Amino acid sequence: MNNLLKQVTDTFKNKWSSEPEVIATAPGRVNLIGEHTDYTGGFVLPVAIDREIIFAVSETLDNTISGYSVDYRNEASCTVGSYDPAHPVSWFRYVLGVLSELENAGHPLQGFRFVVGGTVPIGSGLSSSAAFEMAVLTAIEGLQQFKLSDADAALLCQKAENDFVGMNCGIMDQYISRSGKKDHAVLIDCTDLSIKTITMSTPGYSWLVIDSMKRRGLVDSEYNRRRQECEEGLKFAQSVFPERNIQGLRDITIEDLRPLKKSCDPIVFRRIKHIITENDRVLNTVEALQAGDINTVGTCLYQSHESLRDDFEVSCKELDMLVEILSEVDGVAGARMTGGGFGGCVISLIKNTQIYAAEQAIQQSYKPVTLPAGTKAEIWPIRISDGAHIIKKA
Ligand code: GLA
C-alpha cells in the first residue's frame with residue numbers, strides 16, 4: 428500500500444469510524460508533445476504519471492455529501508442536488524462540478540462521505556484538477572455500479588471544469604487521466620476522440636520532468652485569448668480557401684501557411700502556425716518513437732518548445748532557461764515545456780548514463796532571478812502509469 432493510500436484510508440477510518448466502500452485513483456499527466464492543440468481538434472500525445480489523486484467514499488442513507496481533504500486539512504459539505512459553483516471551500520468545487528454534471532447526465536445521487544488526498548503538485552501544469560475530477564467520477568461509478576466510456580467520462584469531467592470551475596480547458600487532461608496505459612503514450616485525436624496506445628522504443632533513454640517551481644500566473648486569461656486567436660485563425664483560413672471544406676485548423680497544411688501569411692493578422696498567423704506545425708510534430712514523434720529514432724523525437728521536442736516560445740508565446744523565462752541548459756548537456760535528446768505554460772514543468776528525453784550530468788547542470792545553472800533566491804528545480808523520472816481505476820471495492 429503506498430503512503431497516500433494508507434493516509435487516505437486511515438483518515439477515512441478515523442473520521443467516519445468505518446471502512447470506505449470504494450477507493451478510486453486517477454493520475455496526473457505529462458504531455459510529451461501536442462501543446463494547445465486539443466481545443467483546436469488537433470493531436471496530443473500525453474502519458475499518465477504516478478502522481479495521483481485518491482478518493483475514498485461510502486454511501487450514506489441521508490441527503491448530505493460531506494468530505495475531508497488531507498491536503499487542505501478541512502472539511503466541506505452540501506446537500507444532494509444543491510451544488511454551488513461559488514462554494515467557499517474551493518477544492519470542494521471540483522467535487523461539486525462532477526456531481527452536477529452527473530445529475531445533468533441522468534445519474535441521480537444520494538448522500539455520501541469521502542476523504543480525498545493527492546500527490547500531484549498543484550499549479551505545476553501536471554493536471555491535478557483533471558485527476559481530482561476523474562477520481563471523483565470513477566469512485567461514484569464504483570459506488571453506483573455503472574461505467575461511462577473513457578471519452579464520455581473525459582467529456583463529463585471537462586464540462587465540470589469548464590462550467591463549474593470556470594477554466595475553459597480542452598479535453599486532453601481529463602482524457603489521459605482516464606485512458607492512460609502503463610509504459611505507453613496515448614495518441615488522442617481531439618476531433619473524433621479516438622485514441623491509440625503507442626509503444627515507445629527508447630532503449631537506454633528516460634523521460635524526466637523538471638519542475639521550474641514557477642507557478643502559473645495569468646494563465647486563464649491568456650489561455651482564453653489563445654483559444655480566441657485560434658478561432659479567428661480558423662475563420663480567416665476558411666475565408667481564404669472558401670472552396671475547401673475546412674472544419675478545423677487540422678484541415679490546414681504546412682503548405683497553406685505561405686498564402687495565409689500574406690494577409691493574416693501577424694499575431695493570429697503565428698498562433699495558427701504553431702498549431703499546424705505542432706500537429707505535424709506529434710505525428711512525426713509517434714512514428715519516431717515507434718521506430719526508436721531518438722534523434723527525430725528530440726528534434727521535435729526542441730522545435731515544439733521554440734514554437735510555443737516564439738509563435739504561441741506561452742513559455743516563460745524559467746522554462747526557456749531550463750531547456751537552454753539541457754540543450755547543452757551531452758546525451759540530452761530534446762526538451763520542451765509541457766502543459767499550458769507560463770510556468771510549470773519541462774520534460775526531457777535523456778540518455779540514462781547522462782541523467783546525473785543533466786541534474787548537475789540544472790543545479791549549477793538554473794538560477795532564475797524571478798523566483799526567490801535559492802529556488803531549486805525539482806527533477807524526477809516519469810513513471811508512466813495506468814489511467815483512473817478502482818483500487819478497492821467492498
Ligand atoms: C491545459 C489544458 C489542456 C491543454 C493544455 C495545453 O493543460 O487543460 O486542455 O489545452 O493546457 O496543451
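Per our numbering, residue 428 is the first one in the sequence shown, and the count goes up by one each step.
We put the CB at the ideal spot given by N, CA and C, even for glycine.
None of these values were measured; they are calculated from a predicted model.
Secondary structure at residue i, three-state DSSP: helix, strand or coil?
i, result
"P454", "strand"
"E446", "coil"
"R642", "coil"
"G398", "Since the first and last residues shown for the chain are 428 and 821, residue 398 lies out of range."
"Y495", "strand"
"Y783", "helix"
"T680", "coil"
"H732", "helix"
"I721", "helix"
"L459", "strand"
"T626", "strand"
"I817", "strand"
"G660", "helix"
"N899", "In this structure the chain extends from 428 to 821, so residue 899 is not present and cannot be described."
"A788", "helix"
"F739", "coil"
"P535", "coil"
"P515", "coil"
"D489", "coil"
"F769", "coil"
"I549", "coil"
"K794", "coil"
"T464", "coil"
"P799", "coil"
"Y510", "coil"
"D647", "helix"
"D437", "helix"
"K574", "coil"
Is residue i near the ligand GLA, going by C-beta to nearest heavy atom under 7 Å?
i, result
"H463", "yes"
"G468", "no"
"N458", "yes"
"D600", "yes"
"G767", "yes"
"C743", "no"
"C657", "no"
"C691", "no"
"C596", "yes"
"S731", "no"
"S554", "yes"
Check for me: the alpha helix (DSSP H) holding residue i runs from which residue to which?
i, result
"D477", "Premise fails: D477 lies in the beta strand (DSSP E), F470 to E486, not in any alpha helix (DSSP H)."
"K586", "D577 to K586"
"L749", "K744 to S754"
"M561", "S555 to Q571"
"E670", "Here E670 belongs to no alpha helix (DSSP H), and DSSP marks it neither H nor E."
"L523", "F519 to N531"
Could you give the C-beta distance for residue i and residue j, rounded to a whole number, given that I count them as a contact under 8 Å?
i, j, result
"E462", "L735", "6 Å"
"L635", "W807", "7 Å"
"G607", "E560", "Actually they are not in contact, since the Cβ atoms of G607 and E560 sit about 15 Å apart, beyond 8 Å."
"G814", "R677", "Not confirmed; about 25 Å, so no contact."
"T464", "C691", "At roughly 19 Å, the Cβ-Cβ gap does not stay under 8 Å, so T464 and C691 are not in contact."
"V484", "P447", "6 Å"
"A562", "I615", "Not really, about 20 Å apart at Cβ, beyond 8 Å."
"K803", "Q791", "About 11 Å; that fails the 8 Å criterion."
"Q781", "G758", "3 Å"
"F769", "V750", "Not quite, the Cβ-Cβ distance comes to about 15 Å (not below 8 Å), so this is no contact."
"Y495", "T438", "7 Å"
"G569", "I817", "5 Å"
"S527", "D638", "Actually they do not touch by this definition, with Cβ atoms about 32 Å apart."
List the residues that DSSP assigns as beta-bridge partners of residue i.
i, result
"P763", "The question names Pro, but residue 763 is Arg in the sequence shown. Paired residue(s): I774."
"D616", "F470"
"V636", "I774 and W807"
"H611", "T626"
Considering residue i, what are the terminal residues of the beta strand (DSSP E) in which it resides?
i, result
"F696", "Note, F696: premise wrong, no beta strand (DSSP E); alpha helix (DSSP H) at P693 to A718."
"R540", "F539 to G545"
"S504", "N501 to T506"
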